[in-house]
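Q: Same order as they appear, the protein sequences are chains A and B. So my numbering is basically just the index in the first sequence, starting at one, shifted up by 1428. So my numbering is basically just the index in the second sequence, starting at one, shifted up by 1428.
Protein chains: 2
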Amino acid sequence: MPDLTSVVAFDVNETLSDMAPLGRRFAEVGAEPQLAATWFAGLLRDGFALTVTDSHPVFGELAQESLRVALSGVLPAAEIDDAAQFVFEGIGELEVHPDVAPAIQGLAERGLRLVTLSVGGTEVAERLLERAGIRDLFEATLSAVEAGRWKPHETPYRYALDRCGVPAAEALLVAVHPWDIDGAHRAGLRTAWVDRDGTRYPGYFATPDLVVDSLEGLAERL
Amino acid sequence: MPDLTSVVAFDVNETLSDMAPLGRRFAEVGAEPQLAATWFAGLLRDGFALTVTDSHPVFGELAQESLRVALSGVLPAAEIDDAAQFVFEGIGELEVHPDVAPAIQGLAERGLRLVTLSVGGTEVAERLLERAGIRDLFEATLSAVEAGRWKPHETPYRYALDRCGVPAAEALLVAVHPWDIDGAHRAGLRTAWVDRDGTRYPGYFATPDLVVDSLEGLAERL
């Protein structure tokens, strides 16, 4: 199959950003650092549940409130609001993974058009890319917020194609989350799964077109 | 508002069954017991993601494969299949919470019609209720499997109403999961949230009609 890719769309949370500092913030407020993974899975679970019933939750609001819920199980009531706020602010201070900047540079040099496509707002993505010094290499930061529906519904993928003015066959979605690969595949995009940790890909989701162990590996494959 | 409840529909996983033994099974295979909560949130996250794209995953298959994925991050490859199978078998051996049997007895004595409504299969629910000696107090064990769509989509709630032959105003959905309360509310049912652990209810989901700290508390409120 010829590679027609002209636009590469990157998921943001965990795909570009390293979320490990959030685990340290959970520990700093007195919770177990492992609660970060449970909280984030629960945040997406609840966002998807609302999407199933045709709602359109705001990621930031869901993140804050789900932090209060997660911490309500382990901290005294009087500490929860401040602790949730402290962890939430950490989302706005994350850095990109070490493989991101060099890979983005390499893809941009090959003439590929680069965008982000997140269920979160564009502002968090903008600032993340600015801190990494790679904002100018992206043509746009796109969000499910403007699309009016969360991934993995096909609406935000279609919205990204419309915004870029390309057919699905020319777009590649890059993500660490298998549910995002599955949604993009159903919307007709090509997909690349980034597996930095050597985990298993769930057989119940559509198989990715490419599997790479880092974004630098991706640059070599396109 | 007069209480018209004639049918009480119970969620099964965690609402009736105590899933704590699964954490011990994670520990027995060499993973951290906290991984149980992350795995289960991820299982629902992935099931809801598939529901967003109009798929209809089989709960048992999703549970098994998501266990392999969760354990692939922490165990050697050669151990994963056996370890996942060991934890999975634990689902079929869970017991009900201590408050379940007396509460079900009380509700049945008041003449209420009792059913289960799970995203899992009916067989697991059947055996769980049989082990607790309360299977005969339930009129039916219903499942999203037959409804053709997972909760919180309105389809399984509508299916339960059809099966029981009652309007939504006569049915009460009882669950520990806020996303289930939200889905049932949107489908027009009354709702009771069981909060055994004193956690916060997420503000982004529909408010439950009743909040109780155990099923025994529920029997007193109807």
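Where is the CB? At the ideal position from N, CA and C, for every residue including glycine.
What in chain B is Cβ-close to H1581/A, meaning under 8 Å?
A: Going along chain B in sequence order, the residues near H1581/A (Cβ under 8 Å) are V1480 and T1481.
Q: Are there 16 or more other CB atoms within 10 angstroms of the CB of P1485/B, so buried, or fewer, so exposed?
A: So P1485/B counts as buried.
Q: Tell me which residues of the stretch 1601-1613 of chain A have at least one Cβ-Cβ distance to chain B shorter than 8 Å, keeping chain order.
A: Of all residues in the stretch 1601-1613 of chain A, P1606, W1607, D1610 and G1611 have a Cβ within less than 8 Å of some Cβ in chain B.
Q: Given a cut-off of 8 Å on the beta-carbon distance, is the pair P1630/A and S1571/B in contact?
A: Going by C-beta atoms, P1630/A is not nearer than 8 Å to S1571/B.
Q: Which chain B residues are close to D1509/A, counting only those with a beta carbon under 8 Å from its beta carbon?
A: Simply none; closest approach about 10 Å.
Q: Could you name the residues of chain B that D1625/A contacts, counting a contact when the two beta carbons are closer than 8 Å?
A: Those are G1501, listed as they occur along chain B.
Q: Does D1527/B pass the burial test, meaning 16 or more other C-beta atoms within 10 Å, or should it be called exposed?
A: Buried, by the Cβ-count rule.
Q: Mark P1636/B as exposed unless 16 or more other C-beta atoms lie within 10 angstroms of its C-beta, in which case mark it buried.
A: Counting Cβ neighbours within 10 Å, P1636/B comes out buried, since at least 16 surround it.
Q: Could you run through the stretch 1430-1462 of chain A and flag, in chain order, every residue whose CB is less than 8 Å away from some CB of chain B?
A: Result list: E1460 and Q1462.
Q: For W1621/A, which beta-bridge partners are listed by DSSP?
A: Answer is A1603/A and V1639/A.
Q: So, is the C-beta of D1637/B closer than 8 Å to a C-beta in chain A?
A: Cβ-Cβ to chain A under 8 Å: no for D1637/B.
Q: Could you please tell me which residues of the stretch 1536-1548 of chain A, in chain order, have their CB closer than 9 Å to any CB of chain B?
A: Hits within the stretch: zero.
Q: Verify whether the separation of the beta carbon atoms of G1518/B and L1450/B is less than 8 Å.
A: Closer than 8 Å, so yes.
Q: If we call anything under 8 Å between Cβ atoms a contact, is V1440/B one with A1553/B?
A: Cβ distance < 8 Å, so V1440/B and A1553/B count as in contact.
Q: Using the three-state DSSP reduction, which class does S1571/B fall into: helix, strand or coil?
A: Strand at S1571/B.
Q: In chain order, what residues of the same chain have a beta carbon less than 7 Å from the beta carbon of T1583/B, not counting five sequence neighbours either side?
A: For T1583/B, where only same-chain residues beyond five positions count, the Cβ hits under 7 Å are A1575, G1576 and R1577.
Q: Residues in its own chain within less than 7 Å of D1431/A by CB, not counting five upstream and five downstream?
A: Around D1431/A: L1650.
Q: Closer than 8 Å by beta-carbon distance: list the chain A residues that pair up with E1489/B, in chain order.
A: Within chain A, the residues near E1489/B are Y1632.
Q: Mapping DSSP to helix, strand and coil, what is D1527/A?
A: D1527/A: coil per DSSP, three-state reduction.
Q: Straight-line CA distance for F1516/B to W1607/A?
A: Those two C-alpha atoms are separated by around 22 Å.
Q: Quick one: what does DSSP say L1542/A is sitting in, helix, strand or coil?
A: Three-state result, L1542/A: strand.
Q: What is the rounded straight-line gap between the Cα of A1560/B and the Cα of Q1492/A?
A: Their backbone Cα atoms lie some 39 Å apart in a straight line.
Q: Using 8 Å as the threshold, is the C-beta distance between A1531/B and L1643/B below it?
A: Yes, these two residues count as a Cβ contact at 8 Å.
Q: Ignore the nearest five residues each way along the sequence and tell me which others in D1623/A's own chain have a CB closer than 8 Å to its CB.
A: Same-chain partners within the cutoff: V1604, Y1629, V1639, V1640 and D1641.
Q: Expressed to the nearest angstrom, what Euclidean distance is found between the alpha-carbon atoms of K1579/A and G1611/A?
A: Going from the Cα of K1579/A to the Cα of G1611/A covers about 7 Å.
Q: What are the complete alpha helix (DSSP H) segments, minimum 4 residues, inside the stretch 1463-1508 of chain B?
A: With a minimum length of 4 residues, the continuous alpha helix (DSSP H) runs that stay inside the stretch 1463-1508 of chain B are 1463-1480 and 1487-1500.
Q: The beta strand (DSSP E) with A1588/A in it runs from where to where?
A: Careful: A1588/A lies outside any beta strand (DSSP E), inside the alpha helix (DSSP H) at E1582 to C1592.
Q: Among A1588/A, G1645/A and A1615/A, which residue has its Cα nearest to the Cα of V1435/A?
A: It is A1588/A.
Q: Quick one: is R1473/B buried, meaning 16 or more other Cβ sit within 10 Å of its Cβ, or exposed?
A: Buried, because 16 or more other Cβ atoms sit within 10 Å of the Cβ of R1473/B.
Q: Applying a beta-carbon distance threshold of less than 9 Å, which residues of chain A neighbour L1617/B?
A: Residues of chain A passing the Cβ test: none, with the nearest at roughly 13 Å.
Q: Per DSSP, what kind of secondary structure is A1448/A in: helix, strand or coil?
A: In this structure, A1448/A counts as helix in the three-state DSSP scheme.
Q: Can you tell me where the beta strand (DSSP E) holding A1437/A begins and where it ends?
A: Where A1437/A is concerned, the enclosing beta strand (DSSP E) stretches over V1435 to F1438.
Q: Counting only beta-carbon separations shorter than 8 Å, does R1555/B have a partner in chain A?
A: Answer no: the Cβ-Cβ gap between R1555/B and chain A never drops below 8 Å.
Q: To the nearest angstrom, how far is it from the Cα of A1477/B to the Cα of F1476/A?
A: Distance between the alpha carbons of A1477/B and F1476/A: 6 Å.
Q: Could you give the DSSP three-state label for T1443/A: helix, strand or coil?
A: Here T1443/A sits in coil by DSSP.
Q: Which residues mark the beginning and the end of the alpha helix (DSSP H) in which A1553/A is found?
A: It spans T1550 to R1559 - the alpha helix (DSSP H) in which A1553/A sits, taken as one unbroken run.
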